[in-house]
Amino acid sequence: MRKILIELGYKYTQAPDAHKQLIEITGIDCARLQFLRKLKTLRDSVDTRPRIYLDETWVNQNHSRKRIWLDKDGQGGLNTKTGKGDRLIVCHAGCAKYCFIPEAKWVFRAVKSQNEYYPSEMNAEGFRDWFTKLLQSLEEPSVIIMDNAPYHSQQINRTPTSANKKSEIQECLRQHGIEISDSELKPELLQKTSKCYCMKQFQTFRKRTEKIV
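The opening residue of the sequence shown carries number 3 in our numbering; numbering runs sequentially from there.
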């Protein structure tokens, strides 16, 4: 059977990964089209403001190439260490006019959890502090272009859960004008929070930027 399969052009190899097939969500497709239209309009206009691009990435401490040149005896090449090593998170911003923005580089070592490396400092609070410093370092009004990473927005009004104290739930309901009584128990108060759909609000740094730069 093996000889027959080889003669037919088959080869024994690793099965393809079904997760490698790209499936695009309609909302993402529409958001990308809107972004490209806005960017084209900006480039075609007479707007002379610098366009600042910012992004985040990571690199392992023992990062090395997977393929290298070796002589016929298999000698030479790189002496790579075992394991990936610590992970570094890198944030920066730049544009065509200034190249990389001075003092905008932010590099920190990710904290290793039990199962994987996780950039614990890369959250909304950390990004906000870095983003504020970036705005202060800009010499002129600019257009800042960033993606929709989760830490680029921050939920400022969280809906109470069972983890909250009863007094916290009561205070939140009163702030939103929902009538409650002191005799109501915690499950009853939590049931009322579902009626206040406006509690879940997000603070997006992209929207606030227009008032700053």
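For glycine and all other residues, C-beta sits at the position ideal for the given N, C-alpha and C.
Please read all numbers here as calculations on a predicted model, not as lab measurements.
Do three or more CB pairs link the segment 51-58 to the segment 147-167 at distances below 8 Å? yes
Let me know the secondary structure DSSP gives R67 once reduced to three states. DSSP places R67 in coil when its eight states are reduced to three.
Please state whether DSSP places S155 in a helix, a strand or coil. strand
Give me, in chain order, the residues of the same chain whose beta-carbon lies closer than 7 Å to that of S139; leave out the 5 immediate sequence neighbours on both sides. I103, P104, E105, A106
Using alpha carbons as the reference points, say which of G29, V61, S66, H178 lies closest to F110. V61
Nearest CA to the CA of N159: which residue from C174, T50, K168? C174
How long is the line joining the alpha carbons of C97 and A126, rounded to whole angstroms? 23 Å
Once you ignore the five residues that flank P52 on each side, which residues in its own chain have a CB closer than 6 Å to its CB? C97, K99, S144
Report the rounded CA-to-CA distance for V215 versus E141, giving the unit in angstroms. At V215 the pLDDT is 42, less than 50, meaning the model places this residue with poor confidence; the figure from the coordinates comes in the next sentence. Whole-angstrom Cα-Cα distance: 10 Å.
Exposed unless 16 or more other CB atoms sit within 10 angstroms - verdict on P152: Looking at its Cβ environment, which holds fewer than 16 other Cβ atoms inside 10 Å, P152 is exposed.
By the DSSP assignment, the beta strand (DSSP E) with T59 in it spans what residues? 53-62 is the extent of the beta strand (DSSP E) around T59.
Quick check on R89: does DSSP put it in helix, strand or coil? strand
Return helix, strand or coil for I6, following the three-state DSSP convention. I6: helix per DSSP, three-state reduction.
Could you tell me the alpha carbon to alpha carbon distance between L44 and V113, rounded to whole angstroms? 39 Å
Evaluate F37 with the Cβ neighbour count: other Cβ atoms within 10 Å of its Cβ, from every protein chain shown; 16 or more gives buried, anything less gives exposed. F37 counts as exposed, since fewer than 16 other beta carbons sit within 10 angstroms of its beta carbon.
Just grab the DSSP bridge partners of H94 for me. D57
Taking only the alpha-carbon atoms, compute the straight-line gap between K135 and Q157 and give it to the nearest angstrom. 21 Å
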